[in-house]
Amino acid sequence: LKPNSFFSIYYYNRIKCSYKTTDNFWFSYVTKCFFFLEIRHESLKRVSLSIILLKTAFGYFVMEALKERILRGGRCFPGGILKVDNFINHQMDPILMKSMAVEFVRRFASTKINKVLTVEASGIAPAIMVGYLLELPVVFAKKRKPSTMENMLVTEVFSFTKNQTYTVCVSKDYLQPGDKVLFIDDFLANGNAGKGMIDLVNQAGAEMVGMGFLIEKSFQHGGDYLRQAGIHVESLAIIESLD
Ligand code: 5GP
1493 LKPNSFFSIY
1503 YYNRIKCSYK
1513 TTDNFWFSYV
1523 TKCFFFLEIR
1533 HESLKRVSLS
1543 IILLKTAFGY
1553 FVMEALKERI
1563 LRGGRCFPGG
1573 ILKVDNFINH
1583 QMDPILMKSM
1593 AVEFVRRFAS
1603 TKINKVLTVE
1613 ASGIAPAIMV
1623 GYLLELPVVF
1633 AKKRKPSTME
1643 NMLVTEVFSF
1653 TKNQTYTVCV
1663 SKDYLQPGDK
1673 VLFIDDFLAN
1683 GNAGKGMIDL
1693 VNQAGAEMVG
1703 MGFLIEKSFQ
1713 HGGDYLRQAG
1723 IHVESLAIIE
1733 SLD
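Note that the sequence shown ends on residue 1735 in the working numbering; no numbers are left out.
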């Protein structure tokens, strides 16, 4: 160890926490570099590499667990609809939900975020888990305009599962100019909910910095549209076909 490695270790401990407060984004990166530059001791180098590998392995196991639950409990319905009522959409598995949220935090670790956005109802559970881990407020867009709510941002979203167009709204009090928004939802299909959320974020003068989905159905191509629009999209499970 070099003499100032004690500082590096101190900073490294700070880094482990700093993903929670994304305000520390640059601080986290600079100090991470410090850590790797300053520590010369081979065994410690190996420890830090193992931490990185373990984190990557964690992501792999979360995705495997989700895949296994989809294969075991998912049911296919006509029109390309997948029901995962036993662990996401009706009964929920909080342990799996938390692991998936940790994986989102890992994947968006280098993104500066100050707000998590979702749309009611099924997006709320994963979004609140992510918001809890990042210690950030979670806003959910409402599918009905409350009569008591003023100052609304409004957009239309077509839901192909319900074959219906919703008016989706968020109060201007909770989506503000300059906000850096991470959108979290359960499914990505044709991308209509995602497009609606981008519209709301743009109306607010905020920025959509990322979108995370538990399950993406790539045969419905919403993901292609969002990625081509330059959005950082992360999906934990991607389904190519329900045949
Ligand atoms: P999109 O707007 O991307 O076409 O569809 C996403 C929204 O529709 C999600 O908020 C989700 O609630 C719902 N959705 C889309 N496909 C499915 C599906 O196969 N199963 C379930 N349970 N919900 C879906």
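Every residue, glycine too, gets a C-beta built ideally from N, C-alpha and C.
Given the structure is predicted, the values throughout are model-derived calculations rather than measurements.
V1725, buried or exposed, once every other Cβ within 10 Å from all chains shown has been counted against 16: buried
What residue from A1593, L1541, E1612 and R1567 has the CA that sits closest to M1555's CA? A1593
Tell me, please, whether the stretch 1673–1686 touches the stretch 1618–1635 by the rule of three or more beta-carbon pairs shorter than 8 angstroms. yes
Examine the ligand 5GP and report whether any of its heavy atoms sits within less than 7 angstroms of the Cβ of D1665. no
What span of residues does the beta strand (DSSP E) with Q1656 cover, start to end? Q1656 to S1663
Of the residues I1707, G1686 and K1604, the one placed nearest S1727, counting alpha carbons only: I1707
Cβ-Cβ separation, T1653 to I1573 (assumed contact under 8 angstroms), whole Å: 6 angstroms
Got a sec, what are the start and stop residues for the beta strand (DSSP E) D1677 sits in? K1672 to L1680
Could you say which of H1713, L1718 and V1646 lies nearest to Q1695 if we only look at CA atoms? V1646
Which ranges would you report for the alpha helix (DSSP H) in the stretch 1604–1640 if only whole runs of at least 4 residues count? 1616–1626
Do you know how far the Cα of L1558 is from the Cα of K1590? 12 angstroms
Mark V1539 as exposed unless 16 or more other C-beta atoms lie within 10 angstroms of its C-beta, in which case mark it buried. exposed
Flag I1587 as yes if its beta-carbon sits less than 8 angstroms from any beta-carbon of chain D, otherwise no. The displayed structure is made up of one protein chain only, and chain D is not part of it.
Could you check what DSSP says for L1706 in three-state terms: helix, strand or coil? strand
Do V1660 and A1633 have their beta-carbon atoms positioned less than 8 angstroms apart in this structure? yes
Which partner residues of A1729 appear in the DSSP bridge assignment? I1707
Three-way DSSP call (helix, strand, coil) for S1602 in this model: coil
If you pair each beta-carbon of the stretch 1543–1553 with each one of the stretch 1708–1725, do three or more pairs fall below 8 angstroms? no
Neighbouring residues (CB closer than 7 angstroms to any heavy atom of the ligand 5GP): G1572, I1573, L1574, K1575, V1576, N1581, V1611, S1614, G1615, V1649, S1651, F1652, T1653, D1677, D1678, F1679, L1680, A1681, N1682, G1683, N1684, A1685, G1686, K1709, Q1712 and G1714
By how many angstroms is the C-alpha of F1579 removed from the C-alpha of P1586? 8 angstroms
Reduced DSSP secondary structure (H/G/I, E/B, other) of I1562: helix
Can you list, in chain order, the residues of its chain with a C-beta nearer than 8 angstroms to that of K1637? Leave out the 5 residues immediately preceding and following it. M1644, V1646, T1659 and C1661
Quick check on the burial criterion: 16 or more other C-beta atoms within 10 angstroms. Buried or exposed for A1549? exposed
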